[in-house]
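Colleague: So that we are looking at the same thing, I have put the structure below in structure tokens.
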Amino acid sequence: MNLTLKIWRQPDAASAGAMHTYQLADVSEDMSFLEMLDVLNEQLNDQGEEPIAFDSDCREGICGTCGLMINGEAHGPEVTTTCQLHMRSFSDGETITIEPWRSDAFPVIKDLVVDRSAFDRIIQQGGYISVNTGSAPEAHSVPVPKDDADRAFNVATCISCGACVAACPNGSASLFMGAKVTHLGLLPQGQPERDERVVNMVAQHDHEGFGGCTNIGACTAACPKEIPLDVISQLNKDLRTAIRNGH
Ligand code: SF4
Ligand code: FES
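Residue numbers (UniProt numbering): 1 to 247.
The structure is reproduced here in structure tokens:
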């Protein structure tokens, strides 16, 4: 298929960016979206032009490194990561618009690459449990109800990609935080730091410039791991409880 690509180019964080138009011919529908960009970059290299900077690592939908706004949708038209999106989701002759995540808390570093270290700083504030090191305990010594284990596992699939923030008109990271707080709050190992965790993570979230949640739901629709919206209810419930407990 032949495509017209409108792509955001920005030399660095301090410079202004703009959309640039490229033509790409003979794109296979079996290519992944990132492979299509690889081909474009080879073409740009051959023409002596600067290749387009974009992030990727595993290219298997598990690391959360990739993430592009494609035709105005975070990760494009399918419920999947950008690296797992294939060109069969597009048509011959189509114009595709490709932009970086748009959020004040994710500043553009170059072209399609944004700085998502704000997520790391939120995790550093409580997205963990503290345990004594030593030999692994017997698996059945800490019983967990099956329903809790299943839900914890499901929400632990969040890959910290940031699509929820990019999709949200408020630029809120509530779905991301809700996934972490729900995951750890369902497990016995997550209880000792539960109150402290939610208070500190929410404070860091607000400090980083993410917006508040107003229950729009665009986050869960864009999430490649289908994290449900009710993790945000759990986040708010845990926050209220922590404040009541004096945190
Ligand atoms: S909640 Fe979903 S969209 Fe948000 S960071 Fe996690 S995996 Fe990505
Ligand atoms: S590159 Fe790892 S999830 Fe896309």
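Yeah, the Cβ is synthetic: ideal placement off N, Cα and C, and Gly gets one too.
Cβ of LEU186 within 8 Å of Cβ of ARG240?
Modeller: It is not a contact, given that the beta carbons lie outside the stated cut-off.
Colleague: Under a criterion of Cβ closer than 7 Å to any non-hydrogen atom of the ligand FES, which residues qualify, in chain order?
Modeller: Taking each Cβ in turn, the ones that pass are SER56, ASP57, CYS58, ARG59, GLU60, GLY61, ILE62, CYS63, GLY64, THR65, CYS66, THR81, THR82, CYS83, GLN84, ILE159 and CYS161.
Colleague: My guess is that residue 271 and CYS161 are in contact by the Cβ rule of under 8 Å, so how many angstroms apart are they, rounded?
Modeller: No statement about residue 271 is possible, as the shown extent of the chain runs from 1 to 247 and does not include it.
Colleague: Can you tell which of ARG194, LYS225, LEU184 and ALA118 has the C-alpha that lies nearest to the C-alpha of HIS207?
Modeller: It is ALA118.
Colleague: For LYS225, report the span of its alpha helix (DSSP H) as first-last.
Modeller: Element bounds for LYS225: n/a, residue is neither H nor E.
Colleague: Measure the Cβ-Cβ separation of VAL113 and ALA173 and say whether it is below 8 Å.
Modeller: Going by C-beta atoms, VAL113 is not nearer than 8 Å to ALA173.
Colleague: Between LEU3, ALA222, ARG9 and CYS213, which lies nearest to ILE109 when the distance is taken from Cα to Cα?
Modeller: It is ARG9 whose Cα lies nearest to the Cα of ILE109.
Colleague: Would you call MET36 buried or exposed, if buried means 16 or more other Cβ atoms sit within 10 Å of its Cβ?
Modeller: Looking at its Cβ environment, which holds 16 or more other Cβ atoms inside 10 Å, MET36 is buried.
Colleague: With DSSP as the reference, please indicate the residues paired to GLN23 in a beta bridge.
Modeller: In the DSSP output, where bridge partners are listed per residue, GLN23 has THR4.
Colleague: Spell out a yes or no on whether the stretch 82-100 and the stretch 6-23 are touching, meaning 3 or more CB-CB pairs, one atom from each, closer than 8 Å.
Modeller: Result yes; three or more Cβ-Cβ pairs closer than 8 Å.
Colleague: Is the separation between the beta-carbon of LEU3 and that of GLU94 shorter than 8 Å?
Modeller: Result yes, Cβ atoms of LEU3 and GLU94 sit closer than 8 Å.
Colleague: Restricting to runs no shorter than 4 residues, where is the alpha helix (DSSP H) found entirely within the UniProt domain "2Fe-2S ferredoxin-type" (1-102)?
Modeller: Listed in chain order, they are 33-46.
Colleague: Which residues in the same chain have their Cβ closer than 6 Å to the Cβ of PRO77, if we skip the five residues on either side of it in sequence?
Modeller: SER89.
Colleague: Quick check on the DSSP output: the alpha helix (DSSP H) that includes ILE122 runs from which residue to which?
Modeller: ILE122 -> alpha helix (DSSP H) spans 117-124.
Colleague: CYS213 and residue 248 - do their beta-carbons sit closer together than 8 Å?
Modeller: Outside the shown range of the chain, which is 1 to 247, sits residue 248, and nothing can be said about it.
Colleague: At what residues does the beta strand (DSSP E) containing VAL142 begin and finish?
Modeller: Element bounds for VAL142: n/a, residue is neither H nor E.
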